[in-house]
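Number 76 in numbering that gives the first Met the number 0 belongs to position 77 of the sequence shown; there are no gaps in the numbering.
Heads up, the beta-carbon is just placed ideally off N, CA and C, and yes, glycines get one too.
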Amino acid sequence: MDDITALILDDHHAFRRGFARLDDTTDRRELAAVWSQLATHLEIHAEAEEEILYPHLLRRGEPGAAEEETEDAIRDHNNIRDAVVEANRHPVGSDEWWAGVWKARTENSEHLAEEEDQALPDFRKHASVDLRAELARKWLVFYGEHPCGKGLKIRDKDPEKYVETLR
């Protein structure tokens, strides 16, 4: 049986591999191909977490901590999105592009560590196995309904308003 936290960790591993692949090539076509896939995956993942995981963490997580973890995650997602946009403003392989990619990488690395050490353990502690399986199914459907990000409106969100609307 799938578990949403395991599916999220699978994505985290894919992000780490994607950034490592960028380290391993200097060919602009390869860089563009790897980056395009990675940037899109980062955006879909953030949207999926915001739609599926974080509303349930707010309802079931440790009071106070869940709100803080959620607001922090939304800020992190915004920072990652902004870095992706910045990288995409420049020619692939240019110093400016690499600066944007590096910003996305460091923002993402910080976010993954915080999520893996705080939000996901909090959720696992307070969510039933059945709920985690149900959300895993929703996660898989979300990805299936949005191939390559199709139909998603990728945009920054106000962390406080996000939490307030879900209370």
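- Taking the Cα positions, M0 is about 35 Å away from D23.
- Less than 8 Å divides the Cβ of H11 from the Cβ of E115.
- Note that the C-beta distance between K156 and N77 is below 8 Å.
- Here the C-alpha atom of V33 lies approximately 12 Å from the C-alpha atom of V100.
- Assigned with DSSP and collapsed to three states, P120 falls in helix.
- Here the C-alpha atom of V91 lies approximately 33 Å from the C-alpha atom of T69.
- In this structure, the beta-carbon distance from T4 to F122 falls below 8 Å.
- Counting the other CB atoms within 10 Å of its CB gives E144 a total below 16, which places it among the exposed residues.
- Take the alpha-carbon of N107 and the one of W138: they are about 20 Å apart.
- Within a 10 Å sphere around the beta-carbon of E163 sit fewer than 16 other beta-carbons, which makes this residue exposed.
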